[in-house]
Amino acid sequence: MNRMIRWLLGRRFGQADARMFLDELDEGHRSRLEADGRQAADRWLRKERRRALLLGVVGLFRGRPRRAPLRKEGLRHPSYSGRSNVEYLVHDLRFGLRTLRKRPLFAALVIGTLGLGIGASTTVFSLVNGILLQNMSYARPGELVTIWQTYPEWSDDALLSEAWDKIGFSWPQFLDFRGRTRAFRDVAVHRNRTMTLTGAGTPTTLDMGEASAGLFPMLGISPYLGRAFLPGEEGPGAPHLVLLSHALWSTRFGSDPDIVGRSVTLDGESFEIIGVLPPEVRVHSTLFNLFGSSIDAGERAVWVPVFFDRRGSPGGHVLEAMGRLAPGVSRAQALSELDVILRGDRSPAELAFRLTSPRDEVVARYRAPLLLFLAAAALLLVIACANVATLLLGEAIDRRGEIATRVALGAGRLRIAQQLLVESLMLGVLGSLVGMALTPLGVRGFVSLGPALPRLAEVGVDWNVLLAAVAIGVAGAVLFGFAPAFLQHRDSIRSSSMGERRWHLGRGARLQATLVSAELALTMLLLVTAGLLGKSLMNLSLVDPGFRGDRVATVRAEIPRSHFPDHAAQMRFCRAALQSVESVLGVVRAGAIDGLPFPGRISGTTYTIEGRAPEDGGEIIARRHLASSGYFETMGIPLLAGRLYSEGDPGGDADRTVLINETMARRYWHWPQKSPVGATILEGPPPIAIASTVSANRYWIIGVVGDVRERHLLEDPLPMVYRPLSDISVFGDFSIVARTPGAAEALVPLMREAIRAVDPGIPLSQETTIAALQASSTAAERFRVVLVAAFGSLATLLALVGVFGVTARTVSQRTREMGIRMALGAQSRRLIQMVAMGTLRAGGIGIGIGLLGALAVNRLLVAFFYGTAPWDAWVYSSAFLLLGLLCAVAAVVAAARLARLEPMRVLNEQ
Amino acid sequence: MKRTGLGDLEHQVLLATLRLRGEAYSVSVVREIEKRTGRSPAQSAVFIALRRLEEKGLLTSRLADAAGESGRPRRYFDPTPAGLERLSEMRRSLLRLWDGITAELGGVG
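Chain order of the listed sequences is A and B.
The opening residue of the first sequence carries number 1 in this note's numbering; numbering runs sequentially from there.
The opening residue of the second sequence carries number 1001 in this note's numbering; numbering runs sequentially from there.
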């Protein structure tokens, strides 16, 4: 009170006199203390202070330097007269800050809520921006396209449909096209593999890129040191040259400036270093993505000329092509040129082409989930804004007295509006700052903890995103803070009837209830979506993949034909490597296969059942694998009938034995009624297979093994034929699996050493555990759940704040009303019911609308769900119960507070 | 009251400063008025009246360093010639009004 007095008198007479006044008040008090005793003296002091306040306030009017008549100038706030707009603004800011400091909890809630909403949405927007929107960091990216061949006839084939629109180029095809194209200014190809770097330090498996000579000039990438590949330094027989990535150069070679001209040993061969690439060069391989579930970040440690060593077959469609369109050439023109040059006499159904921008090619599969996250984040932001609105609105209702007083003292409507606007903006800016601070943390957390996404390394927080954050915060605060508050005050500004304010809560309270309903509706939507995604993931994890992958480690070894003199040598290496792994301490059983589940293989072969006509189901299309007996035992794939191969009798007809899976046995032999064991199948479609008299394509079925889901947990198992590993001529790499009673991760390096001991020159890759492969196959689903669930819980938290905040405020605002009603004899039970019902009504409406909204929205998301309908009753009732409970608790808490009210005390206090 | 208009309280405060002879500040003025009239004016009102009279040019003030019990400066007020002039003018008009009506009041005066 003394401060108030000092302020008031100080404005009129100066600070020194104001202080004097208080001193003299003390003196008067002391002299009365002696004369009249403490009680009288204290009473005097209280009275004096009240009077001083009154006189001080009056003095503000009287003490105006220019005694302009109040009425004629219109209503003016006394203490503002004669000030400039900047002074008003500074005053408003200071006043706003003081208001916030006085209500730290309120300020923290508003700023925190807004910051959370903004932080979450800008984090997700940063991801969307970096992954979906930003162009690749190549020169003039608009002209660049990836070029794919497509085999439209494959698109309805169960086995091949996955690959039909993504067929790479063969080397001769590429050379032919490059020589004849006019539509493209430049075309180039690349692919990626792994190589082992030896010599400098420990042998390391490097992610390696092979490039045609024109790749880097076409992308606009010039070397940091040295030179890129020259025309002619490509293809079979190319010189052994290598470009180092900036990262490898700086970590492995200590950023040696004289590195160019030296040599490194890759896969046991010497390569001359011709240059170092600049940092952050990324060339994404998407063909690789199709066959591996891990995501390619596009970073290659070294680049060598494509097909430098005749490794693999240049005839294989393994090259990913990119081109830069010539000026003025459209994609359609480029496509028709591709048709003319490459299709030859094939039909469009057999061979067609597809052009996309490199960015879209890389991110296509992630567009839908990313947009789902963006939608979830936007919902969270809306909920946060609704929350801010309820908080500010409650605040506005509480401050009606203050505003009315100021209006009574002559504050104009514009002045009040400006004050409220400044306060809202201040909250908006502070909330934005919190959001801006959270964004880099969120992005970093996402990049390190989130799932693998392409281009994740390129995601950053840029100015656009931060500006968007501020814009959202300010717009949100104005829209959701200022507008409702101003509307709320419009009445008090008009009527400025202070006496009425306690009795009539009016529009503000109704708007608040509406906002809480809206908040609960959106929260319901998020929770249901999170629940449905969670249930889908749970269903996925319950799917039996057909094998037991825990405690199994794996290493993939390449066995390039160029590395071995003949087929027998390849075979010898395989057996030796397998034996070497089996002898590792801790290995219980080991086996080998040409392609592990997740990603599995896309390959199909047609077989004919001997002695059965094609129209009787004699023709079979089946996936084919080469696997050792040990593979089934190691992976825990059950043998259902017959026997596994007897290893150790390679060669001759004894080896022409096959195992088939359960699906194939059921579909073509009606197993288990009839056993396929002992039946013979012929490779090839019926006419050819039956006509053929060669025994080389006859296979005896010796056993039936369990189904394995190998491309994805969700696929229906397809017919599968397993042939013995000794049929090695048809594959170029194989994976060894080994089971251990201990931790599978620990086994991986031991397996690597065991294989290296047999032949150190063999490139190894995919050194991991089966469990990790299996987990990576559901990474996208898991990530969806985690993210939407995180948003859902944040939303629930915000809804919690909103509901409790509003009920608490309602109770405090209506306390007087309740007191009077009670004093007039109303039953307290009825009153409690009234307040509780209000909360439950707002909650019920919100939850109900949320339920309907969730039904509508989740029907659109059906592609994300597995094994659950978008209207799953279990999920809906759980979300309903959770939010219903929240409202019920809020209602009970409010009721409990009211129940404790004593009518007389309430009336006295007010 | 004419001209600038002097309220009752201002009138009394102005008179008290004349009596206190250089020792007038809110506490002493209140004490003086209490002693003479038996009624105690609000000290804050006196405090403000002193300063308002100064603004009207009827009082003058001086700062006495460390005069108060708090050891902080105190402001003492004295009538200006204009103040004295105003006082005597008011006294004269009052006396003229009183002239010849003592009898009617009887013993009350």
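We treat Cβ as the ideally placed atom computed from N, Cα and C, and that holds for glycine.
The model shown is predicted, which means the values in this text are computed figures rather than measured ones.
- Query: Could you check where the alpha helix (DSSP H) with B:Ile1048 kicks off and where it finishes?
  - Reply: Locating residue 1048 of chain B in the second sequence gives position 48, where the first residue counts as 1. Its alpha helix (DSSP H) spans residues 1043-1055.
- Thinking C-beta only, is A:Tyr631 closer than 8 Å to A:Val658? Counted from its first residue, the first sequence places residue 658 of chain A at position 658. Counted from its first residue, the first sequence places residue 631 of chain A at position 631. No, the Cβ-Cβ distance between A:Val658 and A:Tyr631 is not below 8 Å.
- Message: If we define contact as Cβ-Cβ less than 8 Å, is B:Phe1077 a contact residue for chain A?
- Response: Numbered from 1 along the second sequence, position 77 holds the residue referred to as residue 1077 of chain B. No, because no Cβ of chain A sits closer than 8 Å to the Cβ of B:Phe1077.
- Take the Cβ of A:Asn192 as the centre, count every other Cβ of all protein chains shown within 10 Å, and call the residue buried at 16 or more, exposed below. Here residue 192 of chain A is taken as the residue at index 192 of the first sequence, counted from 1. Counting Cβ neighbours within 10 Å, A:Asn192 comes out buried, since at least 16 surround it.
- Item | Closer than 9 Å at the beta carbon, the chain B residues around A:Glu34 | Mapped onto the first sequence, residue 34 of chain A falls at position 34. Result: empty, since nearest Cβ-Cβ is about 12 Å, beyond 9 Å.
- Query: Run through DSSP, which three-state label would A:His567 get?
  - Reply: Looking up residue 567 of chain A in the first sequence gives position 567. It is helical.
- Item | Interface residues of the region 34-58 of chain A facing chain B [CB-CB below 7 Å] | Glu48, Arg51, Ala52, Leu55
- Task: Kindly list the residues whose CB is nearer than 7 Å to the CB of A:Val57, restricted to its own chain and excluding five residues on each side of it in sequence; keep chain order.
- Result: For the purposes of this step, residue 57 of chain A is taken as residue 57 along the first sequence, with counting starting at 1. Excluding positions up to five away in sequence, the list reads Leu8.
- Message: Given this structure, state the Cα-to-Cα distance separating A:Trp874 from A:Asn858, to the nearest angstrom.
- Response: In the first sequence, the residue the question calls residue 874 of chain A occupies position 874. In the first sequence, the residue the question calls residue 858 of chain A occupies position 858. Spanning the two alpha carbons is a distance of roughly 15 Å.
- Task: Can you pull the chain C residues whose beta carbon is under 9 Å from the beta carbon of B:Arg1051, in chain order?
- Result: This model lacks chain C altogether; the protein chains it does include are A and B.
- Which of helix, strand or coil does DSSP assign to A:Glu778? Locating residue 778 of chain A in the first sequence gives position 778, where the first residue counts as 1. Correcting the residue type first, residue 778 of chain A is Thr in the shown sequence and not Glu. Three-state result, A:Thr778: coil.
- Within chain B, partners of A:Phe21 - CB distance below 8 Å: As a position in the first sequence, residue 21 of chain A is number 21, starting the count at 1. Neighbours of A:Phe21 on chain B, chain order: Ser1026, Ser1044, Phe1047.
- Task: For chain A, find out if any of its Cβ atoms is closer than 8 Å to the Cβ of B:Arg1074; answer yes or no.
- Result: For the purposes of this step, residue 1074 of chain B is taken as residue 74 along the second sequence, with counting starting at 1. Closer than 8 Å to some Cβ of chain A, the Cβ of B:Arg1074 qualifies, so yes.
- Task: Report the rounded CA-to-CA distance for B:Tyr1025 versus B:Ala1042, giving the unit in angstroms.
- Result: Reading the second sequence from its first residue, position 25 is the one you call residue 1025 of chain B. Reading the second sequence from its first residue, position 42 is the one you call residue 1042 of chain B. Going from the Cα of B:Tyr1025 to the Cα of B:Ala1042 covers about 13 Å.
- Determine the burial state of A:Gly850: buried for a count of at least 16 other Cβ atoms within 10 Å of its Cβ, exposed for fewer. For the purposes of this step, residue 850 of chain A is taken as the residue at position 850 of the first sequence. Counting the other CB atoms within 10 Å of its CB gives A:Gly850 a total of 16 or more, which places it among the buried residues.
- Message: Tell me the rounded alpha-carbon separation between A:Asp872 and A:Arg821.
- Response: For the purposes of this step, residue 872 of chain A is taken as the residue at position 872 of the first sequence. For the purposes of this step, residue 821 of chain A is taken as the residue at position 821 of the first sequence. Their backbone Cα atoms lie some 46 Å apart in a straight line.
- Message: Considering Cα atoms alone, identify which of A:Gly838, A:His567, A:Gly10, A:Lys166 is closest to A:Ala888.
- Response: Your numbering for residue 888 of chain A matches position 888 in the first sequence. Closest option to A:Ala888, Cα to Cα, is A:Gly838.
- Since A:Phe446 is in the alpha helix (DSSP H), which residue starts that stretch and which ends it? Residue mapping note: residue 446 of chain A aligns to position 446 of the first sequence, counting from 1. Counting along the chain, the alpha helix (DSSP H) containing A:Phe446 begins and ends at 413-449.
- Looking at the structure shown, is A:Ser336 part of a helix, part of a strand, or coil, going by DSSP? As a position in the first sequence, residue 336 of chain A is number 336, starting the count at 1. Helix, per DSSP.
- Can you name the residues that DSSP bridges to A:Asn661? Locating residue 661 of chain A in the first sequence gives position 661, counting from the first residue. Answer by DSSP bridge pairing, in chain order: A:Val705.
- Euclidean distance between Cα positions of A:Gly473 and A:Leu425: By one-based count along the first sequence, residue 473 of chain A stands at place 473. By one-based count along the first sequence, residue 425 of chain A stands at place 425. Cα to Cα, A:Gly473 sits roughly 9 Å from A:Leu425.
- Does the Cβ of A:Met136 have 16 or more other Cβ atoms within 10 Å, making it buried, or fewer, making it exposed? Here residue 136 of chain A is taken as the residue at index 136 of the first sequence, counted from 1. It counts as buried.
- Given A:His284, which residues of its chain have a CB within under 6 Å of its CB, disregarding the five upstream and five downstream residues? One-based indexing of the first sequence puts residue 284 of chain A at position 284. These residues qualify, in order along the chain: Asp296, Gly298, Val362.
- Rounded straight-line distance, which links the Cα of A:Ala321 to that of A:Gly604: Residue 604 of chain A sits at position 604 when you count from the first residue of the first sequence. Residue 321 of chain A sits at position 321 when you count from the first residue of the first sequence. Answer to the nearest angstrom: the Cα atoms are 25 Å apart.
- Local conformation of A:Thr913 per DSSP, three classes: Residue numbering for chain A in the displayed model covers 1 to 910; residue 913 of chain A lies beyond these limits and cannot be assessed.
- Would you check if there are 3 or more beta carbon pairs closer than 8 Å linking the region 660-670 of chain A to the region 610-625 of chain A? yes
- Message: Do A:Pro223 and A:Val304 count as a contact pair if the criterion is CB distance below 8 Å?
- Response: Taking the first residue of the first sequence as position 1, residue 304 of chain A is located at position 304. Taking the first residue of the first sequence as position 1, residue 223 of chain A is located at position 223. No. Outside cutoff.
- Can you say whether A:Glu48 is buried or exposed, counting buried as having 16 or more other CB atoms within 10 angstroms of its CB? Taking the first residue of the first sequence as position 1, residue 48 of chain A is located at position 48. Burial call: buried.
- Item | Segment contact flag, the region 145-156 of chain A with the region 393-409 of chain A, C-beta cutoff 8 Å, min 3 pairs | The region 145-156 of chain A, when compared against the region 393-409 of chain A, does not touch it at the 8 Å Cβ threshold.
- Item | Cβ shell of A:Pro69 (< 7 Å), same chain only, five flanking positions each side left out | Within the first sequence, residue 69 of chain A is the residue found at index 69, counting from 1. Model confidence at A:Pro69 stands at a pLDDT of 33, short of 50, so the residue's coordinates are unreliable; what they give is reported in the following sentence. Contacts found: none.
- Would a check of beta-carbon distances place A:Leu25 closer than 8 Å to chain B? Residue 25 of chain A sits at position 25 when you count from the first residue of the first sequence. At least one beta carbon of chain B lies nearer than 8 Å to the beta carbon of A:Leu25.
- Beta-carbon proximity list for A:Ala789, same chain, < 7 Å, skipping 5 on both sides: The sequence position of residue 789 of chain A within the first sequence is 789, counting from 1. Excluding positions up to five away in sequence, the list reads Ala530, Gly534.
- Item | Neighbourhood of A:Phe564 by C-beta, 6 Å cutoff - its chain only, sequence neighbours within 5 removed | Here residue 564 of chain A refers to the residue found at position 564 when the first sequence is read from its first residue. Only Gln570 meet the Cβ criterion.
- Query: Helix, strand or coil: which one does DSSP assign to A:His190?
  - Reply: Stepping through the first sequence from its first residue, residue 190 of chain A is reached at position 190. Strand at A:His190.
- Query: Helix, strand or coil: which one does DSSP assign to A:Trp700?
  - Reply: For the purposes of this step, residue 700 of chain A is taken as the residue at position 700 of the first sequence. Correct three-state label for A:Trp700: strand.
- What span of residues does the alpha helix (DSSP H) with A:Val110 cover, start to end? On the first sequence, position 110 is the one that residue 110 of chain A refers to. In the DSSP annotation of this structure, the continuous segment of the alpha helix (DSSP H) that includes A:Val110 starts and ends at 104-128.
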